[in-house]
Amino acid sequence: MLISYSGFSQRLTAPTTEAVNYLERSVWRLTVLAPGILNESRIGPKSGVMASRGLSIGRGTISLNFSPYINTYVSVGGRYFYNLSRRYVKGKSTKFNSANYLMIRTNYTFPPFLIDYEPRITIGVLQGLSVNALWGIQRTFQSNIYLNFATGVKIAPNGYGLAGNFIVGYTFLNKKGPRY
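Going by the working numbering, the sequence shown opens with residue -15, and the numbers climb by one from there.
Set out below in structure tokens:
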């Protein structure tokens, strides 16, 4: 009888980690390397929507000459955080959605508003819509410094290729404070 009672209590505690909402309801971040702002909002226990707006800085090069340009962009995508429960169970921080994720993102880049054009340099199409499939890692540290690395593929009207980003930024505290 004692054995069946202890087995019953183990079954009660095991599934409780699956009922936890690991994601923050809403997280706002200011990005530094590519200046902008982004918001991540929870739509499920392990999924969210990310929207961002910012500047895209690039350059076309040939030999020692280059043509720098600056565009603005908007981006919206869905993220699925696949290792939140594992991080939570291991006692690792899930602060401000610190986890690995899979993402489908649409991105629209507006025409450049600043360009230093060098006639000999072809810099390609600087504007348009793309769809990206990404795998990424994001972490927010104690000082609210945010790091995000993502890599994957993109499809655009002018073709397909590799996609990715490296983001450094600052995460704003929500009114309730961080959840670890």
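Just so you know, even glycine gets a beta-carbon here, dropped at the ideal spot from N, CA and C. Nothing here was measured: the structure is a model prediction, and the numbers come from that model.
Would you kindly check if the distance between the Cβ of residue j and the Cβ of residue i is under 7 angstroms?
| i | j | result |
| --- | --- | --- |
| A117 | I88 | yes |
| V60 | A35 | yes |
| S114 | Y64 | no |
| G120 | Y85 | yes |
| E8 | N128 | no |
| F94 | T124 | no |
| L68 | Y6 | yes |
| I54 | L98 | yes |
Take residue i as the anchor and find which of the options has the nearest alpha-carbon.
| i | options | result |
| --- | --- | --- |
| P96 | G38, F125 and I139 | G38 |
| P19 | V11, P29, R26 and V58 | V58 |
| T90 | S10, G148 and W12 | G148 |
| Q126 | S10, W12, T78 and P52 | T78 |
Taking the C-alpha atoms as reference points, what is the distance between residue i and residue j?
| i | j | result |
| --- | --- | --- |
| G153 | L14 | 5 angstroms |
| A83 | Q122 | 6 angstroms |
| G62 | E24 | 9 angstroms |
| R71 | F150 | 22 angstroms |
| P29 | Q111 | 35 angstroms |
| V137 | Y144 | 7 angstroms |
| I27 | V33 | 7 angstroms |
| I41 | N158 | 30 angstroms |
| Y66 | I139 | 24 angstroms |
| F156 | K74 | 26 angstroms |
| W12 | P52 | 29 angstroms |
| K76 | N142 | 42 angstroms |
| L146 | N132 | 17 angstroms |
Who does residue i pair with in a DSSP beta bridge?
| i | result |
| --- | --- |
| G145 | K138 |
| Y6 | Answer is none; Y6 lacks a bridge partner. |
| A35 | N23 and V60 |
| F133 | I121 and F150 |
| S114 | N91 |
| L98 | I54 |
| G28 | G28 is not bridged to any residue. |
| V11 | E24 |
| S40 | N55 |
Suppose only complete runs of 3+ residues qualify. What are the beta strand (DSSP E) ranges in the region 46 to 89, listed by chain order?
49 to 65
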